[in-house]
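Those protein sequence lines, which keep their order, are chains A and B. Number 112 marks the last residue of the first sequence (this note's numbering); no jumps. Number 224 marks the last residue of the second sequence (this note's numbering); no jumps.
There are 2 protein chains.
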Amino acid sequence: MALSADILRGHTDAIILAQLVAGDSYGYQINKTVTERTGGAYGFKEATLYTAFKRLEQNGLITSYWGEDGPGARRRYYAVTEAGMAKLAEDRQEWNETKRVMDALISWKEGL
Amino acid sequence: MALSADILRGHTDAIILAQLVAGDSYGYQINKTVTERTGGAYGFKEATLYTAFKRLEQNGLITSYWGEDGPGARRRYYAVTEAGMAKLAEDRQEWNETKRVMDALISWKEGL
DNA sequence: ATGATATACCTCGCCTGTCAAGGTATTATT
DNA sequence: AATAATACCTTGACAGGCGAGGTATATCAT
Numbered sequence: 001m002a003l004s005a006d007i008l009r010g011h012t013d014a015i016i017l018a019q020l021v022a023g024d025s026y027g028y029q030i031n032k033t034v035t036e037r038t039g040g041a042y043g044f045k046e047a048t049l050y051t052a053f054k055r056l057e058q059n060g061l062i063t064s065y066w067g068e069d070g071p072g073a074r075r076r077y078y079a080v081t082e083a084g085m086a087k088l089a090e091d092r093q094e095w096n097e098t099k100r101v102m103d104a105l106i107s108w109k110e111g112l
Numbered sequence: 113m114a115l116s117a118d119i120l121r122g123h124t125d126a127i128i129l130a131q132l133v134a135g136d137s138y139g140y141q142i143n144k145t146v147t148e149r150t151g152g153a154y155g156f157k158e159a160t161l162y163t164a165f166k167r168l169e170q171n172g173l174i175t176s177y178w179g180e181d182g183p184g185a186r187r188r189y190y191a192v193t194e195a196g197m198a199k200l201a202e203d204r205q206e207w208n209e210t211k212r213v214m215d216a217l218i219s220w221k222e223g224l
């Protein structure tokens with residue numbers, strides 16, 4: 001099942017931060033990783049992705065730099081900041097809480 | 113931890129439908145139930161709730177009727193339609209997929 | 001050479017769900 | 001008379017997602 005982004009709205013920043021803690025990366029690569037890790041179930045639309053980078057950088061959660069010139073198109077790399085790490089920790093807690101809340105609200109309850 | 117609605121955006125309809133399959137209910141009651149079932153971690157803002165009812169009814173997922181006159185303020189009751197049931201089944205599947213995808217993307221991986 | 005495909009980045013403007021703020025009305029409590 | 005709880009509703013602003021468009025480099029097939 002392919003997921004719509006409306007369902008994951010608000011989780012975009014957390015997903016990006018989580019990919020970046022594994023090491024600096026760039027837009028195209030991050031998106032490919034996301035698609036692979038979800039078995040093709042999810043991927044960002046480009047506009048969403050670059051909008052998110054801009055937002056994250058403006059909020060001081062990531063920093064960016066141009067990759068060294070090599071063959072192929074230029075790449076802008078992103079790195080998580082300390083604030084980004086802290087935010088990710090919060091987001092992870094929030095996600096656990098989201099699961100708890102949603103399961104309490106929409107799951108099947110045989111006994112109820 | 114109190115959850116912001118931005119995190120649950122897109123899940124509002126599913127949450128409401130899930131409450132209604134247990135029996136017809138009205139706005140105020142549904143919201144109280146949601147707050148109770150989540151231990152106070154989540155509740156709809158009124159504007160969100162009534163906007164959602166309108167949307168759900170326009171999409172044929174619920175129907176509404178005024179409760180019989182009794183003491184206290186009038187109540188508008190809502191009932192799930194067949195289409196609403198089908199939609200909820202989809203939403204539940206989608207939620208399971210969401211959990212899988214999010215866990216794959218943001219969880220701690222000791223071994224990775 | 002020419003076109004297609006993959007890589008790689010970016011912006012503009014629309015759409016949609018959330019919600020602060022405002023409103024109405026009934027009943028019970030202080 | 002005032003306050004709180006119950007119960008409903010609308011308007012306008014805001015923010016994130018994204019369709020559509022643009023730019024540029026490199027590879028591969030025709």
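Here a beta-carbon is modelled for each residue, glycine too, at the ideal position from N, C-alpha and C.
Query, Result
"Have a look at Asp69(A) and Arg76(A) and give me their C-alpha separation to the nearest angstrom.", "11 angstroms"
"Is it true that the CB of Ala130(B) sits closer than 7 angstroms to the CB of Ile106(A)?", "yes"
"Can we say the stretch 10-17 of chain A touches the stretch 42-61 of chain A, given the rule of at least three CB pairs closer than 8 angstroms?", "yes"
"Which residue marks the beginning of the alpha helix (DSSP H) containing Thr51(A), and which one marks its end?", "Glu46 to Gln58"
"Would you check if the distance between the CB atom of Val101(A) and the CB atom of Thr150(B) is smaller than 7 angstroms?", "yes"
"So the candidates are Glu94(A), Glu36(A) and Gly27(A); which of them puts its Cα closest to the Cα of Thr48(A)?", "Gly27(A)"
"Can you pull the chain A neighbours of Val192(B), defined as C-beta to C-beta under 7 angstroms?", "The contacting residues do not exist; Val192(B) stays about 13 angstroms from chain A at best."
"Assuming contact is defined by CB atoms lying nearer than 7 angstroms, are Tyr177(B) and Leu132(B) in contact in what I supplied?", "no"
"DSSP beta-bridge partners for Val80(A)?", "Ile62(A)"
"Kindly give me the distance between the Cβ atoms of Ala117(B) and Ala153(B), rounded to whole angstroms, as I take these residues to be in contact under 8 angstroms.", "Between Ala153(B) and Ala117(B) the Cβ distance is about 12 angstroms, and since that is not below 8 angstroms, they are no contact."
"Using three-state DSSP, classify Tyr140(B) as helix, strand or coil.", "helix"
"Using a 10 Å radius around the Cβ and a threshold of 16 neighbouring Cβ atoms, would you call Asn143(B) buried or exposed?", "buried"
"Show which residues of chain B have a CB atom less than 7 angstroms away from the CB atom of Ala18(A).", "Leu217 and Ile218"
"Can you give me the Cβ contacts of Ser25(A) inside the same chain, cut-off strictly under 7 angstroms, excluding the 5 residues immediately before and after it?", "Gln19, Tyr77 and Tyr78"
"In angstroms, rounded to a whole number, what distance separates the CA positions of Leu224(B) and Gly43(A)?", "In this predicted model, Leu224(B) has a pLDDT of only 48, less than 50, meaning its place in the structure is not dependable enough to derive any value."
"Quick one: Cα of Ala164(B) to Cα of Ala185(B), how far?", "21 angstroms"
"Which of the three DSSP states is assigned to Ala89(A) in this structure?", "helix"
"Excluding the 5 residues flanking Thr193(B) on each side, which residues of the same chain have their C-beta closer than 8 angstroms to its C-beta?", "Gly172, Leu173, Ile174 and Thr175"
"Mind checking whether Ile119(B) and Thr98(A) have CB atoms under 7 angstroms apart?", "yes"
"Taking Asp91(A) as the query, report the chain B residues whose CB atoms sit under 8 angstroms from its CB, ordered along the chain.", "Ile218"
"Would you decide whether Gly135(B) is buried or exposed? Buried here means 16 or more other CB atoms lie within 10 Å of its CB.", "exposed"
"With burial defined as no fewer than 16 other Cβ atoms inside 10 Å of the residue's Cβ, what is the status of Gly84(A): buried or exposed?", "buried"
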